[in-house]
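For any residue, its number in the numbering used here is found by taking its place in the sequence shown, counting from 1, and adding 95. Have a look at the structure below, then the notes.
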Amino acid sequence: MKLKGAQILIRSLMDEGVDTIFGYPGGSVLDIYDELFKSPMRHILVRHEQGAAHAADGYARASGRTGVCLVTSGPGATNTVTGIATAFLDSIPMVVLTGQVPTPFIGTDAFQEADITGITRPCTKHNFLVRRVDELAKTIREAFYIAGSGRPGPVLVDLPKDVIQAVTEYREGPTSGSGRKTPVYLPDAADMEQAVEMIKAARNPVVLVGGGVIRSQASAELTEFARKVKTPVASTLMGLGAFPADDSLWLGMVGMHGTYYANMAVSNTDLLITMGVRFSDRVTGNISTFAPKAKIIQVDIDAASINKNVLVHLPIVSDCKTALAQLNGMLGKNGLQGIRDIRREWLGSIEKWKLEGPLTYCQGGAIKPQMVIEKLNGLTKRDSIITTEVGQNQMWTAQFYRFTEPNTFLTSGGLGTMGFGFPAAIGAQVAFPDRLVVDVAGDGSIQMNIQELATAVNYDLPVKVVILNNGYLGMVRQWQELFYEKRYSHTNISGHVPDFVKLAEAYGAVGLRTSKPEEVEETLLKGLETPGPVIMDFIVEAEEGVYPMVNPGGALTEMQLCRGTGL
96 MKLKGAQILI RSLMDEGVDT IFGYPGGSVL DIYDELFKSP MRHILVRHEQ GAAHAADGYA
156 RASGRTGVCL VTSGPGATNT VTGIATAFLD SIPMVVLTGQ VPTPFIGTDA FQEADITGIT
216 RPCTKHNFLV RRVDELAKTI REAFYIAGSG RPGPVLVDLP KDVIQAVTEY REGPTSGSGR
276 KTPVYLPDAA DMEQAVEMIK AARNPVVLVG GGVIRSQASA ELTEFARKVK TPVASTLMGL
336 GAFPADDSLW LGMVGMHGTY YANMAVSNTD LLITMGVRFS DRVTGNISTF APKAKIIQVD
396 IDAASINKNV LVHLPIVSDC KTALAQLNGM LGKNGLQGIR DIRREWLGSI EKWKLEGPLT
456 YCQGGAIKPQ MVIEKLNGLT KRDSIITTEV GQNQMWTAQF YRFTEPNTFL TSGGLGTMGF
516 GFPAAIGAQV AFPDRLVVDV AGDGSIQMNI QELATAVNYD LPVKVVILNN GYLGMVRQWQ
576 ELFYEKRYSH TNISGHVPDF VKLAEAYGAV GLRTSKPEEV EETLLKGLET PGPVIMDFIV
636 EAEEGVYPMV NPGGALTEMQ LCRGTGL
């Protein structure tokens, strides 16, 4: 049967199981939107193309499925670049469909032309420029296969208008998940035997988990492993939720704003077992002082990530789920006699560090942001989805919210993208309409994509926004306080922040505000129980900092536990 390119595209997306597209129309994609109008697929009209990319990203992080966004050519395409780079650094499966000028006009500086494949080559797993309509169906299958296999990531498909309008004979083919053998990332058997021996010989082991554990859906295997070998578990920012925070073996986050006891454990361990961790600078601090007493096992699906930042003693290229399942089986067979006695002294040291340096803050007359997060944690369920913007709000959430399930903490880790959290929350809410989704934001970051409040209202998506409003670009201000003698150069935005209650009402949402500590829980409860989108504006301590803090270039043991104090 003969079909237009636009019809082939819609059919191909439906064959891949796509039920939702986040997008914004324009001239070069009008034919696609005309076919979308006739299709059963849901389209979420965002108010900015960056919002489309972040929403598709949030949809993917929450659901585990590949997110899809569709935008027009030129500025529509370039507006997605930040969202694409965000997904790339955090290994999120996403297919970005961009319109393009007709093929004869490519390279002529035509109206709304941009070389989006060239622009995004460094921040996509792969990208395509489709030049013939008979290549379209195969290209879409390839895009979904690449996005979701191995180490996931974003794939861009650029669609010239003449290709979308052209007609060709269409024959249904296999989807990305059929008709081909998917690579299985099996660990080397000898390496696994060596890993077992290293684990059994260790006196003070620590497991360090990253986003790779969540991407590979290995949380159950990780929990079984940690409990089997009686080994405490620390996490990177991206690994939060991979291991239940209510388990006694939980250490919390490691690194620049990690817990005192996680950083001390990593600095004193004799065996660091890392799963899906790429050792970013925010995790390691000074590389030369990172885990100085430890042998390191690194398990990662991406061979290019192994030995990239930290030299390890045993590299294992494998999917984390597969490696953990094998380790659990091997340790079960070989036995771990007396493991509880062997670990007693080490676990005692961990408990001592927890008592010496607990996560804490001093409640004064103003609302402390940490208190808001603690109260939010107490009022929400285990399966609630929490997104964040980037900055102090992100770190306070990572520290004081107790994540117990994977895919419930959605944040921009690698790129650190302000404006990510709200559209990501919209994507997560679309994926799970019956679950509570909350975006924790700052008064600066929420304004970067505040226009998406219209999207939430338009589709009756009951996303809740908790703004920690301190009148500053808080994290930058904290660095200016610590390293620039309190010269708050262009970070004081108090007096220039909109009235968020009125802003919410202008969009048709509900707005709430309080500046009193005794009203925090009541305001949260009201906001969480109110139907539809809600903005809750908490006026918090203006110059509150995120602590502990490891100064840039410092060792993990060189922590400031609060303002003006350290180890």
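Cβ coordinates follow ideal geometry from the N, Cα and C atoms, glycine included.
Would you mind reading off the limits of the alpha helix (DSSP H) that contains residue i?
i	result
residue 157	144-158
residue 291	284-296
residue 172	170-173
residue 436	434-451
residue 234	231-243
residue 401	Careful: residue 401 lies outside any alpha helix (DSSP H) and carries neither H nor E.
residue 464	464-474
residue 211	211-215
residue 178	176-184
residue 124	No alpha helix (DSSP H) holds residue 124; DSSP gives it neither H nor E.
residue 359	355-363
Would the beta-carbon of residue i fall within 7 Å of that of residue j?
i	j	result
residue 329	residue 301	yes
residue 62	residue 634	The requested residue 62 does not occur in the structure, where the chain is confined to residues 96 to 662.
residue 547	residue 137	no
residue 305	residue 372	yes
residue 259	residue 122	no
residue 549	residue 602	yes
residue 183	residue 248	yes
residue 569	residue 487	yes
residue 253	residue 224	yes
residue 571	residue 628	no
residue 595	residue 632	yes
residue 395	residue 299	no
residue 493	residue 346	no
residue 351	residue 645	yes
residue 666	residue 295	Absent from the model: residue 666. The displayed extent of the chain is 96 to 662, so no value can be given.
residue 630	residue 560	yes
residue 484	residue 540	yes
residue 114	residue 270	no
residue 250	residue 238	yes
For residue i, does the three-state DSSP call read helix, strand or coil?
i	result
residue 137	strand
residue 485	coil
residue 657	strand
residue 608	strand
residue 595	helix
residue 222	strand
residue 570	helix
residue 378	helix
residue 457	coil
residue 113	coil
residue 97	strand
residue 194	strand
residue 405	coil
residue 259	helix
residue 424	helix
residue 162	strand
residue 651	coil
residue 372	coil
residue 645	strand
residue 118	strand
residue 505	strand
Over what stretch of residues does the beta strand (DSSP E) that includes residue i continue unbroken?
i	result
residue 615	Segment 615-624 is the alpha helix (DSSP H) holding residue 615; no beta strand (DSSP E) there.
residue 312	From DSSP, residue 312 is part of no beta strand (DSSP E); its letter is neither H nor E.
residue 348	345-348
residue 329	328-330
residue 390	390-395
residue 633	629-634
residue 264	262-264
residue 302	300-304
residue 251	249-255
residue 513	Run containing residue 513: none; DSSP gives neither H nor E here.
- Is the region 149-164 in contact with the region 492-506, if contact means three or more CB pairs nearer than 8 Å? yes
- Task: Tell me the start and end of each unbroken alpha helix (DSSP H) in the region 527-591 that is at least 4 residues and wholly inside, in chain order.
- Result: 548-553, 569-578
- Hey, is the region 309-323 in contact with the region 378-393, meaning 3+ C-beta pairs nearer than 8 Å? no
- Item | Three CB pairs or more closer than 8 Å across the region 514-529 and the region 575-593 | no
- Item | Three-pair Cβ contact test at 8 Å for the region 354-362 versus the region 645-656 | yes
- Message: Tell me whether the region 457-471 and the region 614-630 touch, counting them as touching only if at least three CB pairs, one residue from each stretch, are closer than 8 Å.
- Response: yes
- Does the count of Cβ pairs from the region 448-458 and the region 526-535 closer than 8 Å reach three? no
- Message: Can you confirm whether the region 334-342 touches the region 446-453 when touching is taken to mean that 3 or more C-beta pairs between the two stretches lie within less than 8 Å?
- Response: no
- Query: Just checking, does the region 171-179 make contact with the region 574-581 on the three C-beta pairs under 8 Å criterion?
  - Reply: no
- Query: Given 8 Å as the limit, is there contact between the region 472-491 and the region 385-392, that is, 3 or more CB pairs closer than that?
  - Reply: no
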